[in-house]
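**Student:** Residue numbers (this note's numbering): 15 to 631.
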């Protein structure tokens, strides 16, 4: 937050529309002679109301009026919602939430046009029930920009997107804001500082911020931002909480300790209070009221690249993660995995969200809202699947709950020889050369919540195909190549159907892990086949469709003839699988269902087969 004395900006209604070049030219021409000034009025369309920059609640009628020096019908439209009416004056309540460019154009002459910018604010704040990407990695959909000198006209180069990263060159103060209002969420904001700083902050600490629970008219807080609750994003001040109060009162309570003001903190000290979980409660209810993050250094200096002894900031150019939890009247701030500030009795409890432009360059890699349910966890899986010695092993520690991303680490014992754990992806991979003792893995989510689990992985010396058969069908007595290569119908294929229906070759044990049926798909019926496969098997192709996993290859073939010598018929995987009534599978395995694309009423009805064989090395 920059140092300045708060001042009110002029109201939006006092701002005059910026004239387009054609309007300026017409006015200049009208002054060429007294005759032309008296006898010929310039031709223009001028929107009289509303003033540019105004905000309106969703569903409330907005009065639009314009004048024209030329007779004819005026057509009104929104760049978001399209045509909205005709005439010199209209009232509309159909505009959707967000930022709109409203245009009035003369039907008889499309060059006679005027426009204003307004914002429609949703009357009901959205509570996320699933992840919401405020920045989707490819566009600024759902967001709009505002800058101090140009309002909604954003100069080239301020916002640019490359390979999923949003670069922001904040040449002057402003913000990028959401169209929608939100409440009760977990916000994850991943950013890194760029090299550039600008104007009067060229040599100062890099500065930005997240403003939540925002209300009001664009730019009304000191001609810079929407009023709201700022979570400071600043070198040395990560997680400071600052009230930007204007027309909408803002208040909260924060437990704090007072550490005073050092000689170099001057404007940024603001009473010298910093968050302390068991400290004395302080009420914040006035503009620029501040409580610093828990380890804020009272000797902080406003210097580019500043780092205190206790600062959690990553080096310039590396990624940082700010997580803000808005939970009713409580706001909690986590920075790089640590709780750094927390407020209670917060009012208001919802609003739009802004990321500030404060004359420093930075990148945004992730800006998401998660449901509050993500705070439960994280939870590691209870077991890991068995493997084969001297055969590749690859298993992901699928972690549920918590606030991703996660980090994984072995905290006790060690992985079996030949295996390693990727701390960023949770993948255990490698080629095991010997069985190992039990080991413990711990996972930590983005706000420091942890879970740990002890594991042991069993390994066998079977061939991949033999191990697969035993895992799926419990066929323990028939071993070796004769079982692996068994071809009961002499069709040249090692056929899962033969094992699935008969269990051990030559016997009649029904293991019930394979099923054929007719699947109804709105409203046609299709022949389908359900069978078990490893979770890591990814099927490609239409017929045959194949997948490799754990040293075996699955092949799904559809044919017009029983001996599979006829035309191949296309198959497609069904999700979710039709597994109701089938027996449960071991951890790491799941049922898969495939069906014909053609219906059973479309001759030939066809035949489906699943083949399992050793995958190529």
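Here a beta-carbon is modelled for each residue, glycine too, at the ideal position from N, C-alpha and C.
Going by beta-carbon coordinates alone, are residue 216 and residue 248 separated by less than 7 Å?
**Tutor:** Position 202 of the chain shown, counted from the start, is the residue given in the question as residue 216. Position 234 of the chain shown, counted from the start, is the residue given in the question as residue 248. Not closer than 7 Å, so no.
**Student:** Going by DSSP in three states, residue 206 sits in which element: helix, strand or coil?
**Tutor:** Taking the first residue of the chain shown as position 1, residue 206 is located at position 192. Strand, per DSSP.
**Student:** Less than 8 Å between C-beta atoms, sequence neighbours within five positions excluded: which residues of the same chain meet that for residue 163?
**Tutor:** As a first step, residue 163 is located in the chain shown; it is residue number 149 there, counting from the start. Only 186 meet the Cβ criterion.
**Student:** Within the same chain, show all residues whose beta-carbon is closer than 6 Å to that of residue 150, passing over the 5 residues directly before and after it, in chain order.
**Tutor:** Taking the chain shown and counting its residues from 1, one reaches residue 150 at position 136. Closer than 6 Å at the Cβ level, and outside the excluded window around residue 150, lies no residue.
**Student:** For the ligand NAP, I want to know if residue 143 counts as a neighbour, meaning its beta carbon is within less than 6 Å of at least one of the ligand's heavy atoms.
**Tutor:** Of ligands this structure carries none, so the ligand NAP is not represented either.
**Student:** Tell me whether residue 117 is buried or exposed, calling it buried when 16 or more other Cβ atoms sit within 10 Å of its Cβ.
**Tutor:** The residue you call residue 117 lines up with position 103 of the chain shown. Result: buried.
**Student:** Please specify which runs of the beta strand (DSSP E), each continuous and at least 3 residues long, are wholly inside the region 558 to 621, giving them in chain order.
**Tutor:** Counting only runs of 3 or more, we get 559 to 563, 566 to 573, 585 to 588 and 603 to 610.
**Student:** Under three-state DSSP, which class holds residue 709?
**Tutor:** Residue 709 is absent from the model: the chain starts at 15 and stops at 631.
**Student:** Just mark residue 147 as buried or exposed, buried being the case when its beta carbon has 16 or more other beta carbons within 10 Å.
**Tutor:** For the purposes of this step, residue 147 is taken as the residue at position 133 of the chain shown. Counting Cβ neighbours within 10 Å, residue 147 comes out exposed, since fewer than 16 surround it.
**Student:** DSSP beta-bridge partners for residue 155?
**Tutor:** Position 141 of the chain shown holds residue 155. Its beta-bridge partners do not exist; DSSP assigns none.
**Student:** Buried or exposed: where does residue 396 fall if 16 or more other Cβ atoms within 10 Å of its Cβ makes it buried?
**Tutor:** The residue labelled residue 396 in the question sits at position 382 within the chain shown. Classification of residue 396: exposed, given that the 10 Å Cβ count is below 16.
**Student:** Between the Cα of residue 319 and those of 461, 210 and 112, spot the shortest distance and give me the residue it belongs to.
**Tutor:** Translated into the one-based positions of the chain shown, residue 319 becomes position 305. Residue 319 has its Cα closest to that of 210, out of 461, 210 and 112.
**Student:** Quick one: Cα of residue 92 to Cα of residue 363, how far?
**Tutor:** By 1-based counting over the chain shown, the position of residue 92 is 78. By 1-based counting over the chain shown, the position of residue 363 is 349. Distance between the alpha carbons of residue 92 and residue 363: 30 Å.
**Student:** Leaving out five residues before and five after residue 107 in sequence, what residues of the same chain have Cβ atoms less than 8 Å from its Cβ?
**Tutor:** Residue 107 sits at position 93 when you count from the first residue of the chain shown. Result list for residue 107: 73, 74, 75 and 76, in chain order.
**Student:** Would you tell me roughly how many angstroms separate the C-alpha atoms of residue 383 and residue 143, rounded to the nearest one?
**Tutor:** The residue you call residue 383 lines up with position 369 of the chain shown. The residue you call residue 143 lines up with position 129 of the chain shown. If I take the Cα positions, the gap works out to 10 Å.
**Student:** Could you please give the first and the last residue of the uninterrupted beta strand (DSSP E) stretch that includes residue 375?
**Tutor:** Here residue 375 refers to the residue found at position 361 when the chain shown is read from its first residue. Counting along the chain, the beta strand (DSSP E) containing residue 375 begins and ends at 374 to 384.
**Student:** Can you name, in chain order, every residue of its own chain whose Cβ lies under 6 Å from the Cβ of residue 175, other than the five neighbours on each side?
**Tutor:** Residue 175 sits at position 161 when you count from the first residue of the chain shown. Cβ within range, chain order: n/a, list empty.
**Student:** Apart from the five residues on each side of it in sequence, which residues of its chain come closer than 6 Å, Cβ to Cβ, to residue 38?
**Tutor:** To locate residue 38, count along the chain shown from 1; it is residue 24. Below a pLDDT of 50, predicted positions are generally treated as unreliable, and residue 38, at 29, falls in that range; no measurement from the model is reported.
**Student:** Check whether the Cβ atoms of residue 166 and residue 373 lie closer than 7 Å to each other.
**Tutor:** Taking the chain shown and counting its residues from 1, one reaches residue 166 at position 152. Taking the chain shown and counting its residues from 1, one reaches residue 373 at position 359. Not closer than 7 Å, so no.
**Student:** Distance, Cα to Cα, residue 173 vs residue 180?
**Tutor:** Sequence index remark: in the chain shown, residue 173 carries index 159 (1-based). Sequence index remark: in the chain shown, residue 180 carries index 166 (1-based). Whole-angstrom Cα-Cα distance: 7 Å.
**Student:** Pull up the CB-CB distance for residue 371 and residue 189, whole angstroms please, since I reckon it's below 8 Å.
**Tutor:** Sequence index remark: in the chain shown, residue 371 carries index 357 (1-based). Sequence index remark: in the chain shown, residue 189 carries index 175 (1-based). Residue 371 to residue 189, Cβ: 6 Å. Contact.
**Student:** Measuring only the C-alpha atoms, how far is residue 455 from residue 70?
**Tutor:** Numbered from 1 along the chain shown, position 441 holds the residue referred to as residue 455. Numbered from 1 along the chain shown, position 56 holds the residue referred to as residue 70. Whole-angstrom Cα-Cα distance: 52 Å.
**Student:** Would you tell me roughly how many angstroms separate the C-alpha atoms of residue 603 and residue 434, rounded to the nearest one?
**Tutor:** Against the chain shown, residue 603 aligns to sequence position 589. Against the chain shown, residue 434 aligns to sequence position 420. When rounded, the distance between both Cα atoms is 22 Å.
**Student:** What are the partner residues of residue 542, as DSSP defines its beta bridges?
**Tutor:** As a first step, residue 542 is located in the chain shown; it is residue number 528 there, counting from the start. Residue 542 is bridged to 531 and 609.
**Student:** Could you spell out where the beta strand (DSSP E) holding residue 225 opens and where it closes?
**Tutor:** The sequence position of residue 225 within the chain shown is 211, counting from 1. Unbroken beta strand (DSSP E) run through residue 225: 221 to 228.
**Student:** Cβ atoms of residue 228 and residue 240: under 7 Å apart, would you say?
**Tutor:** Against the chain shown, residue 240 aligns to sequence position 226. Against the chain shown, residue 228 aligns to sequence position 214. Taking 7 Å as the Cβ cut-off, residue 240 and residue 228 qualify as a contacting pair.
**Student:** Measure from the alpha carbon of residue 297 to the alpha carbon of each residue in 313, 257 and 330, then state which is nearest.
**Tutor:** Against the chain shown, residue 297 aligns to sequence position 283. Cα-wise, what sits closest to residue 297 is 257.
**Student:** Do you know whose CA, among 336, 337 and 321, lies nearest residue 330's CA?
**Tutor:** One-based indexing of the chain shown puts residue 330 at position 316. If we check each option's Cα against that of residue 330, 321 comes out closest.
**Student:** Which whole-angstrom value is the C-beta distance of residue 605 and residue 546, which I expect to be below 8 Å?
**Tutor:** Numbered from 1 along the chain shown, position 591 holds the residue referred to as residue 605. Numbered from 1 along the chain shown, position 532 holds the residue referred to as residue 546. Rounded, the Cβ-Cβ distance is 6 Å, consistent with contact.
**Student:** Fully enclosed by the region 114 to 142, which beta strand (DSSP E) runs are 3 residues long or longer?
**Tutor:** The qualifying runs are 123 to 135.
**Student:** Could you name the residues of the same chain whose beta carbon sits closer than 6 Å to that of residue 97, not counting the 5 residues immediately before and after it, in chain order?
**Tutor:** As a working mapping, residue 97 is identified with position 83 in the chain shown. Closer than 6 Å at the Cβ level, and outside the excluded window around residue 97, lie 91.
**Student:** What did DSSP end up calling residue 90 once you bin it into helix, strand or coil?
**Tutor:** Position 76 of the chain shown, counted from the first residue, corresponds to residue 90. Looking at residue 90 - three-state DSSP - the assignment turns out to be strand.
**Student:** Indicate the three-state DSSP secondary structure (helix, strand or coil) for residue 282 in the structure shown.
**Tutor:** As a first step, residue 282 is located in the chain shown; it is residue number 268 there, counting from the start. Here residue 282 sits in helix by DSSP.
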